[in-house]
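Here the structure comes first, spelled out in structure tokens, and everything after it is commentary.
Numbering (my numbering), first residue to last: 5 to 457.
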């Protein structure tokens, strides 16, 4: 039985919640696959050095391959190659260069790989220097050798400390994505390599080392706070953790790879004693925003770090409050939607949060899979279903069906002489077929009817 278009949309709003099952939404594990990075990130770390008289600084970088210009290879017409140069230089307080390293990169990819997502869209790396403690300024630069385009990363002065003088000291925390133990017993840690920030919806651990403490029973106390818009701290968590005895006197050694940043933890018998702490945190319960963690240990020594939890692939339609609110028209009754739109910005924001909170399939976490998937669909509709006279693809019939049901199982477009263009979308999960017709032949497809499969 055929159903009129206006009846179809009423029915769709009633069954959205059941049609959007957890098997259809993409959770936070897809963040790396969909992450659209800016041109690059880098972070500085003051770590424990091998030389007990020196300080160590590591520069961890992540550079988008899209920064580089790929040209066709002379070897194969199907291969593309790009050449880049990454340089880091440290200047002392007098402005004198005391350390410098230049890394040449040659990147290759197939033509069909262009535009793919995942770890292969960026190169990861580490530059490490060992030098005397003091204050330094860093000049970090990336250059594309094909176009001579340069990307500079200005940095404020950084104070490097050594952790071998016998007095208590704590390194700044390093956020880890995971910790693995290889078959040979080697421990490998994988930092989040986003300039010190952490992807929204992910659990993580902080890697911390301390020196000059009495013994491995020394407790490390920590306080995690969220910063509001005025940078005021709001306590999230306060607790303590003990050192991992199996990692006493461990040092971080870089593992060479372009697709992932990783360190190996290897024990060194040389004094003084270095303690290692791994602090696991339920990052999936933390909202996106700015945070501060403060560490306190033996002898009154402390350290702290500010970082952000960022929703890197947040749907663009969710970033615009007005657009995000308007998109709820498809999920509310006409009366509820009119009342919702009439609210003040503050009231509407609260109502918006309550609306999606009731539909969150995982209410014990900060990431709302249903909301994220819905607004990803809105993004797709905005970009793909606009037409002449209808700049917003969200306001088209195809856009409405797409945001409520997602991508169809099958699509078919028919172009016949003497007949308007027609599109047929079939959804196996709900056993329905939608038929659209472009009567005016200007790209504005209208829903003609829907029927059961």
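We put the CB at the ideal spot given by N, CA and C, even for glycine. The structure presented is a predicted model; accordingly, all values stated were derived computationally and were not measured.
- Residue burial is scored here from C-beta neighbours: residue 152 has fewer than 16 other C-beta atoms within 10 angstroms and is therefore classed as exposed.
- In this structure, the CA atom of residue 129 is about 11 Å from the CA atom of residue 45.
- Beyond the five residues adjoining it in sequence on each side, residue 359 comes within less than 6 Å, by CB distance, of no other residue in the same chain.
- A direct Cα-to-Cα measurement between residue 270 and residue 254 gives close to 5 Å.
- Contact between the region 130 to 142 and the region 89 to 99 is established, with three or more Cβ pairs separated by less than 8 Å.
- In the structure shown, the three-state DSSP call for residue 131 is strand.
- Taking C-beta separations shorter than 7 Å and ignoring five residues to either side along the sequence, the partners of residue 402 in its chain run 389, 440 and 449, following chain order.
- Residue state for residue 347 is assigned as coil, using DSSP reduced to three classes.
- Ranking 457, 371, 443 and 126 by CA distance to the CA of residue 68 puts 126 first.
- For residue 386, the enclosing alpha helix (DSSP H) begins and ends at 373 to 388.
- Nearest C-alpha to residue 315 among 290, 211 and 427: 290.
- Under the three-state reduction of DSSP, residue 205 is assigned to coil, being neither helix nor strand.
- Collapsing the DSSP output to three states places residue 166 in coil.
- Contact check for residue 294 and residue 310: beta-carbon distance about 7 Å, within the 8 Å limit, so the pair qualifies.
- Excluding its 5 nearest sequence neighbours in each direction, residue 329 has C-beta neighbours in its own chain below 8 Å: 344, 345, 352 and 356, listed in chain order.
- For residue 106, the number of other beta carbons within 10 angstroms of its own is below 16, and it is reported as exposed.
- 135 is the residue among 79, 135 and 76 whose C-alpha sits nearest the C-alpha of residue 55.
- In this structure residue 266 touches residue 192 by the C-beta definition: roughly 6 Å separates them, less than 8 Å.
- Shown here, residue 327 sits in a helix according to DSSP, grouped into three states.
- Under the DSSP assignment, residue 402 falls in the alpha helix (DSSP H) whose first and last residues are 401 to 409.
- Scanning 163, 383, 161 and 150 for the CA closest to the CA of residue 323 turns up 383.
- The Cβ atoms of residue 209 and residue 183 sit closer than 8 Å to each other.
- If you look at residue 97, you'll find it isn't in any beta strand (DSSP E); DSSP assigns it neither H nor E.
- By the C-beta density criterion, residue 317 is buried, having at least 16 other C-beta atoms within 10 angstroms.
- Apart from the 5 residues on each side of it in sequence, residue 199 sits with its Cβ closer than 8 Å to the Cβ of 45, 46, 47 and 66 in its chain, given in chain order.
- Taking C-beta atoms as the reference points, residue 186 and residue 133 fail to come closer than 8 Å.
- Going by C-alpha positions, residue 457 is about 41 Å away from residue 347.
- For residue 195, the enclosing beta strand (DSSP E) has its first and last residue at 191 to 195.
- Beta-bridge partners of residue 155 (DSSP): 146.
- With respect to residue 110, residue 76 sits apart: the two C-beta atoms are not nearer than 8 Å.
- The alpha-carbon of residue 312 is positioned some 20 Å away from that of residue 306.
- Between residue 438 and residue 451, the CB-CB gap stays under 8 Å.
- Look at residue 46 here: in three-state DSSP terms it is strand.
- Cβ contact annotation for residue 214 (same chain, cutoff 6 Å, sequence separation greater than five): 174, 279 and 301, in chain order.
- For residue 183, the enclosing beta strand (DSSP E) has its first and last residue at 178 to 185.
- The residue from 250, 61 and 168 with its alpha-carbon nearest to that of residue 161 is 61.
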